[in-house]
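Colleague:
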Amino acid sequence: MLDIIFAELVVAAIITFFVREKLAAIIAFFISLLPLLALLDWASNYGFAIINLGIENHMKIYLAGVTLHLAITPLSWFFALMILPLFPVIMLYSYSFFKENDGFFALMLLSLFATFGILLSRDMLSLFLFWEMMSWSSFLLVYRSKDKNAIMSYLIFSVFAAFAILFGIIILWHENSSLLLSDILNISGKLGFVAIASIITGFAVKAVIMPLHAWAPFVYSKCDEPFVAFLSGGLSKLGYYGIFLFLFSLKGVDILQNYMTNVSWNYLLAVFGALSAFFATLIAILQDDLRKLLAYSSIGQLGYIAIGFGIGTPLAITGALFQAFNHAFFKAILFLAAGIVAYRTGKWKISELGGLAYKMPFTFMATLFAIFALAAIPITSGFASKWLLYEAAIQQKYVFIAPIMLIAGVGAFLYSFRILYGVFLGENRHDSVEEAPKSMIAALFILVLPLIIFVVFPGYMLDLMKPALQAAGIESIAHTKFAIETSLAKYNSIAVLITLMVAMIPAFVIYKARKHRVTSFEDNYLAGEPYELHKPAMHAANNYYKPLKKVLLPYLEPGATYYFEKIYNGIKCVSNAVRRIYTGYVQDYAIYVVLFLLFVMGWLIWI
Amino acid sequence: MDMIGIAIKITILIAYAIIGTCTGLLFMGIGRKIVARVHNRVGPPFYQNFIDVAKLLSKKTNISHGWIFDLALLFSISGILLTLLFLPIGGVQLLSTDGDAFLVLYLLAIPSLGFALGAGASGNPNAGVGVMRALVMMLSYELPFVITLIALMIYYDTTSLATIVRMQSINGIKSWAITMPPFMIAAFAADMALQGMLMEQPFDIPVAPHEIASGPMVEFGGKYLGSLMLYKAIALVAETTLFVDLFLGGGVVAHGNFAFVINFIVWLALIFLLFALSILIAASFPRFRIEQAFGFYWKYEAIIAAISLIWVYIMVIK
Amino acid sequence: MVIHPVLLIAIPLITAFIIPIFKKYGAAIAGGAIAFNMGYAIGIFFHVYSNGKIYETIAGFNPPIGIFLAIDSLSALLALIINLFAFINFVAIGKEANYKFSMLYLLAIAGSTGIVITGDIFNMFVFFEITAVASYALIAGKKDKKALEGAIKYMVLGSIASSFILIGIALIYSQLKTLNIYDIAARIASMDAKIKWASFAMLLTGIGVEAEIFPLNGWVPSAYQGASEGVASLLSFAPSKAAIYAIARLMLVIFPFHATYEIALWVGVITLLIGELAAFMQEDVKRMLAYSSIGQMGMILIAFSLASQDLKYALIASLFLIVSHAASKSSLFLLSKSEKMHGMASKYAGIVSVLSLIGMPPLAGFWGKWYLMLAAMDEKLWLVIILIFFAGIVETAYFARYLHRSIGNDGELSLRYKATMAAMASFAILFGLLPLVYKIASLPLWGG
Amino acid sequence: MKSIELLGKGEEMHGRAYIKLSADEIEESIKKLKENGFNHFVMLSCVDWLDKGKFELVYHMWNYEEKEHAMLSVDIDRNNDVMKSMSHLFPQIETYEREIHEMYGIKFEGNNRLTPFLLENWPHDPPMRKDFDSKKFVKQMYESIPFIEGDENEGI
Amino acid sequence: MGLHNGDKMMRYEEWSKLARKASKRSLWMVHFCTGCGAIEMPPVMTSRYDMERFGIAPMATPRQADVLLITGYLTVKTLRRVIQVYEQMQSPKYVIAFGSCTINGGMYWDSYNTIKHLEKYIPVDLYIAGCMPRPEGIINAFLELMKLIDEGKARGWERYQKYYDKYKENQRRVFNFEVKEEEKEEKEQKREKNEEH
């Protein structure tokens, strides 16, 4: 059944290259539903029993003389549930987003093919093969943005990640001479440590953990929105899938641990996660370009997942996976909403936007819900995941990480309000704007759906996770449908919801007691100055956090790109030195030949 | 829980909601009296705030700026009532067994986010700038407060407020957190953060009447301003109760059958003391600029809180 | 049915000498000859694919004297590549090829195919001479200053190289009195050690100049830059591939010792690094591609040197690398005719070839890198692996810059030209997917 | 008095130099004084001599070293009240000219900002002119506006 | 701007007695400091006179305020701003006018651009005589206003709604300095007089 899906994906990708964009969108939409069907069918007939499919019913692909083993496992099922729904939604969204068909749908289908491949691959070669497929198909989507920084940084970082993973894989292959993932258990010592470390760094590049995140702001802010929604929502989760696979499912943690016992290595991952959450949030607050702001906020939120994996206790991992699930959806909503705003007004800068709430009510509502989930307001599922992470940090008494995580959480309020106020509220300077086309709104609200389900039943999400965790040998934490119980405290989401409804009654009574009259925008208090006299500029959102910027900027100044710039220049002067060897005179070359001859003879005869 | 139990619980919740509001308004009135006395003035009667709220709610015309503006009213009162009910008040655990300190910390954010939306929807630039200052203030005072919170949690190895109160009230005042030296420092830092949370004078930058025409509240009038006053009152009670629960054992002194009454009185007294302290600080300090406030919290307060955190960490590890 | 591989050389040589008579139809005749050659090469490839090696002696003399042709899996594949791409390239060159050009073109093809399939070392020297002379003339064909400069450089170094090869062969002949590679390999041990190493050094340097090894490839940048696109593409798949094959023949068959393996390995690594780093800062597209092919040659040399220690994966890696380099580099050279990648076909060709060179999956380049890594891992050469990675990243950097610079839609190319480019590039995909190369590489090598 | 020596004419009045000039001399005399220490332009005032039928424009300048106040006075005919603008010498003259234009109706060529300044949409002729009878205007303007008598007159 | 017809007339008796009692003891004022009266306000707030004991507090914006204090003479230009502030206030709202300038123009009785009788343009509930009344006068005025509210007589805001169009007519005339017709031909005679002069 899987090979049919793979074949259809490739065929569809080729077809959509040549078809008009509306038709291409429809084809892409239906084809991208197929992997989801595979998921549901797997869930239905195997049920949630933990069956680790043996090698025999793996699906085999013969490629250039090599066989690839593919099969659905509980872990990949959970991550697939998080990533694959994004594709049909993005196809639906971009039905009316693109004016002409320049290969967007085809490349998205290729990325879907590669993502599905990564999730299903059961041996290191196919994992690496699909991982590379993913990086070049997404590179071609980045390539459409025609921006030098985005193209170069994305390709270089992807290839660096690929080589890191390849380095790890060949060591593992060499140690126990079998490429199957399930055989990595019996590796240890220095080689094992180097292998696992390089694989984790490889995956960390795509998971946008702080020191390796330099490519993200360029790419997120230059490519077209539907792709960036997938990039930040889905692709980063693949990075975390890899980390989870190698750290927990395949006991990478123990390999790291028993090599250097005194240092707890996964704590390092937590520290990097905390740094990336903290600094990315602070930088996000000071951004004026909407897409850059969303990019840094995405890096910040992903930092939480890294912290969860870093802490490593079952509680932390559950929190991290829950956060990954939420992040996939609310970040996709935010980027798609930014796309709608740009589609309608053609502007990116927050200072140029403003007052779109009344003109685009549905977009505003979807963004509002996503922002609430992002800022972890208690009535949303975002809070449940962050709460689990906080609990885990306190349980492990990580004194350095816990405050940074909490401050990053509070920082999330600041930039989320900057988006709301700057783009949707305040003075409306775009009168001609009307609501986004139907397909885009539908896409947004489909994405809002899963967030709502887990608002009321966080416990349900932990049931979804149970098979994945058990497969990795981590027992799930106690939870009922509504409440999550940990050794430190209990979080009962339904209690919060009901009390909020009840507490809403007095507010509603006050609201309804007196009639109120809605006035226009002009009737604002401007120290008595009548608005229509000389129409003062009323949008307070440009350079919104000026005092904070004045205080924070000196500390945030040398960004990550500064260091990568230095490396780039280093290579540049080395290559200049090398180029000087080719002087361009034939006699030099002739001398080189003779010298080479003497060198070889000397080497052979005397040594 | 059977029907009767639920019914009792609901009545207790409603009772405490009303008590919270009334004490809040009462304290604000008394607070204005204290400030007046500091200014060597007669000052308004202590029930002045009740009158103000009654007047605001009885305004004939109320001007609003659309449905997002009304969100402010709905979110503010419901959000802060929710926070109040998740705090153990005077030893009585209302709903605090279902949630914990992080939940309360984030619940405090619902009303302020509702206000921010309402102020933003009004379109007045003063409101926008006011909300920006409120959020920067929040970011600044959260750091010391969060560090002290974590210090407490690590020491008592729990995050739920109910258990913290229980562990602090084992043998009365001696077991209060503030009696232990590291927590004295933490209490000082948390009290400064409390000053910011209550938006009292040195840190009432977001609602500065002279610079930005009372910040976010520029377009609020009539019932909207009334709901704001109610929110301010309940918030006062909630935030001070949070401080009391964390450091002063939630006011739980006695454990007998009449313990309920004694604890309630002790809780009231503690809250009033805290509020009076912050009012006195307010009466004697000019308003800070926003960068100064941010610097104050993130440099000095954070260091103090960090010292207490490390001290507690060492104690806990040993 | 009986296969006579000698036709592969004979037909092009004969047609080359006939063409001056029918001046007008020169191009057509040449086209016919190349087409025949392609068909025949495909026939031979599949013959070898199904039932192993073919030996053939010409003019009835037995090995020590008569010319002896030996085609095994390696040479069959190379012959296929050279003739297949020669035909496509000729289609791309099309009308510009007057009879003089097509004559030289045929000579170059005949020479390269000859090197690949001959079993006699002196015969290989003769074919080296033919290809070298043909390439000098072809490069100079463009008649502008840069072309002449490139041609002269290539000629000077080429002549030095051929003299070294001749001395090398003479040394071997003086000791073993035979020119047949098979014989030499069998009786190499009986040679005096000093003369043995000297002959290896001479041969390595001589052939190395043609195979663009590090210190010997001074001529490469200016030659490729000077030559026209068709010729540059020809240079990238015919002579350089034949030369690297000759070194492989040298390494695998005649001198399979540990010392020679180490020399070749480190020379390969240095060539790779120098090639990539030099290309990093190149502004001119053709020069950049020239340096990049130096780098790729270095990598193929590493692969062959590992293969000489009869590591299972190294040979597969080298074949994949040769195929990928031939396919993508020649299509890139053709593409460099127009500054920008305009239209769907040239975008397809450009991107596929770049991705194959960088080493992205389903393309041949990926398998090359994958198996190379496995082989290197067997030998536990940590430094070599790290350097290959570093070179890979540098290569990605300048190809990314190249891709960015070539966005845009000016520079119109004819449809025929674009079709040929796309065909060449899609070979990278074809070889990446089909298990051809994997099977052919596992066949037992000749004379080893 | 330094300014009198500089310009060669004018006499000393209440400790200040009062110099009578014609319309075209005024420009270079201001420039001259400006270079010689009179770098502070105090103000531009205008007097409406209704009976003599002329406006008198007085340019007041002050010299800090000499502690001397120079008053350069120019007379303009009341009916064709046009004067060249001096704003290119001192930027603040432009504001004074705007006010005088609004209050006296004198047109200053070269000053392109003669827009309404203190009086919003004032349709009548300039109020400061002597022939403008402000008492009568007040009677017509403000008295003519009726009080608002409520029928049941509750409250005041 | 100003009043929308949707806002139907409020009958006074609907008000409960308690509401009037509450609004009496908690008057929030915004003072439009035009003329010289503004300097009288600080002493009223500070400890000597302390208006806060009557529940009177200074507010920053008209939305939050009940009482508008006009503290001095009003030129036509500032009247436009005062009316904007008045209409932004939420009823029930009261106006207290300071000093003789607001009663009958005061010493600027003959000036061409100052407003003479303020109640022609906005309903004034209370005048305070004096060429800038002392703080005691202001406190007394507030007490007077409280008595009026108590007896339900301070209904300026209702008069503004009832005679809204008359007020608007007066405001429009004063803003555009419209003068009656007979004044036109007087101007013609004056012009001829000037010509032959």
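Residue numbers (the numbering used here), protein chains in the order written: chain E, 1 to 607; chain V, 608 to 925; chain S, 926 to 1373; chain A, 1374 to 1529; chain G, 1530 to 1726. Even glycine gets a Cβ: it sits at the ideal position worked out from N, Cα and C. It should be emphasised that the depicted structure is a prediction, and the values quoted were computed from it without experimental measurement.
To the nearest angstrom, how far is it from the Cα of Tyr1578(G) to the Cα of Gly650(V)?
Modeller: 10 Å
Colleague: If we cut at 8 Å on Cβ distances, does Asn669(V) have a partner in chain E?
Modeller: At least one chain E Cβ lies under 8 Å of Asn669(V).
Colleague: Quick check: the Cα distance between Glu818(V) and Pro1489(A), rounded to an integer number of angstroms?
Modeller: 30 Å
Colleague: Using a beta-carbon distance below 8 Å, is Lys1676(G) in contact with chain A?
Modeller: no
Colleague: Are at least three pairs of beta-carbons, each pair with one atom in the stretch 871-884 of chain V and one in the stretch 726-742 of chain V, less than 8 Å apart?
Modeller: no
Colleague: Between Pro1571(G) and Asn778(V), what straight-line distance do the alpha-carbon atoms span, to the nearest angstrom?
Modeller: Straight-line Cα distance between these residues: approximately 53 Å.
Colleague: In chain order, what residues of the stretch 1610-1644 of chain G put their CB closer than 7 Å to some CB of chain V?
Modeller: Listed in chain order, the positions of the stretch 1610-1644 of chain G with a beta carbon within less than 7 Å of a beta carbon of chain V are Gln1619, Ser1620 and Pro1621.
Colleague: Taking Cβ positions, are Phe521(E) and Phe482(E) nearer each other than 8 Å?
Modeller: no
Colleague: Note down the Cα distance separating Tyr1216(S) from Tyr1024(S), rounded to an integer number of angstroms.
Modeller: 31 Å
Colleague: Report the residues of the stretch 1566-1590 of chain G with a CB closer than 7 Å to any CB of chain V, ordered along the chain.
Modeller: Ser1576, Asp1579, Glu1581, Arg1582, Gly1584, Ala1589 and Thr1590
Colleague: Quick one: what's got a C-beta closer than 7 Å to Leu1128(S)'s C-beta in the same chain, skipping five residues either side?
Modeller: Ile1090, Gly1093 and Leu1175
Colleague: Out of Val1420(A), Glu1401(A) and Pro1464(A), which one is the CA nearest neighbour of Asp1504(A)?
Modeller: When C-alpha distances from Asp1504(A) are compared across Val1420(A), Glu1401(A) and Pro1464(A), the shortest belongs to Val1420(A).
Colleague: Below 8 Å on the Cβ atoms is my contact criterion, and I expect Ile171(E) with Ile200(E) to pass it. Report the Cβ-Cβ distance as a whole number of Å.
Modeller: The Cβ separation is near 13 Å, so there is no contact.
Colleague: In the structure shown, what three-state DSSP assignment does Trp215(E) receive?
Modeller: helix
Colleague: Let me confirm a value: Ser575(E) is counted as buried when at least 16 other C-beta atoms fall within 10 Å, else exposed. Which label applies?
Modeller: buried
Colleague: In the DSSP assignment, find the alpha helix (DSSP H) that holds Lys1508(A) and state where it starts and stops.
Modeller: If you look at Lys1508(A), you'll find it in the alpha helix (DSSP H) that goes Ser1507 to Val1511.
Colleague: Give a yes or no on whether the minimum CB-CB distance between Val1596(G) and chain A is below 8 Å.
Modeller: no
Colleague: Specify, as a first and last residue, the run of the beta strand (DSSP E) that Trp1422(A) falls within.
Modeller: His1413 to Trp1422
Colleague: Identify whether Arg894(V) lies in helix, strand or coil by the three-state DSSP scheme.
Modeller: coil
Colleague: Within 8 Å, do at least three Cβ pairs link the stretch 226-237 of chain E to the stretch 81-97 of chain E?
Modeller: yes
Colleague: Taking the beta carbon of Leu1674(G) as the centre, do at least 16 other beta carbons fall within 10 Å, making it buried, or is it exposed?
Modeller: buried
Colleague: Go ahead and pull the three-state DSSP assignment for Ile1625(G).
Modeller: strand
Colleague: Looking at the structure shown, is Lys1695(G) part of a helix, part of a strand, or coil, going by DSSP?
Modeller: helix
Colleague: Compare the C-beta of Ser1446(A) with all C-beta atoms of chain G and state if any pair is closer than 8 Å.
Modeller: Using a Cβ-Cβ cut-off of 8 Å, Ser1446(A) does not count as an interface residue toward chain G, since no Cβ of chain G sits closer than that to its own.
Colleague: When you compare the CB positions of Ile684(V) and Tyr838(V), do they come within less than 8 Å of one another, or not?
Modeller: yes
Colleague: With a CB to CB cut of under 6 Å and the five nearest residues on each side skipped, what residues in its chain are close to Gly1075(S)?
Modeller: Ile1064, Ser1147, Ala1148 and Gly1151
Colleague: Can you grab the Cα-Cα spacing for the pair Val1559(G) / Ser153(E), in whole Å?
Modeller: 59 Å
Colleague: Spatial neighbours of Met1580(G) within its chain, please: CB distance less than 7 Å, with the 5 preceding and 5 following residues excluded, ordered by chain position.
Modeller: Counting only Cβ-Cβ distances below 7 Å, and skipping sequence neighbours, we find Val1573, Met1574, Ile1668 and Phe1671.
Colleague: Which residues in chain G sit within 7 Å of Lys662(V), going by Cβ to Cβ distance?
Modeller: Ala1551, Ser1552 and Ser1555
Colleague: Hey, out of Ile1042(S), Ile959(S), Glu1337(S) and Leu1005(S), whose CA is closest to Ser1261(S)'s CA?
Modeller: Glu1337(S)
Colleague: For the stretch 771-807 of chain V, which segments carrying the alpha helix (DSSP H) assignment without a break, of at least 4 residues, lie completely within its bounds, in sequence order?
Modeller: 788-804
Colleague: Where does Val814(V) sit, in a helix, a strand or coil, going by DSSP?
Modeller: DSSP places Val814(V) in the coil class of the three-state scheme, outside both helix and strand.
Colleague: Determine the contact status of Ser834(V) and Ile510(E), defining contact as a CB-CB distance below 8 Å.
Modeller: yes
Colleague: For chain G, find out if any of its Cβ atoms is closer than 8 Å to the Cβ of Glu529(E); answer yes or no.
Modeller: yes
Colleague: Does the CB of Lys1508(A) have a neighbour CB from chain G at under 8 Å?
Modeller: yes
Colleague: Exposed or buried, Met739(V), counting other C-beta atoms within 10 Å across all chains shown (16 or more means buried)?
Modeller: Answer is buried; the Cβ neighbour count reaches 16.
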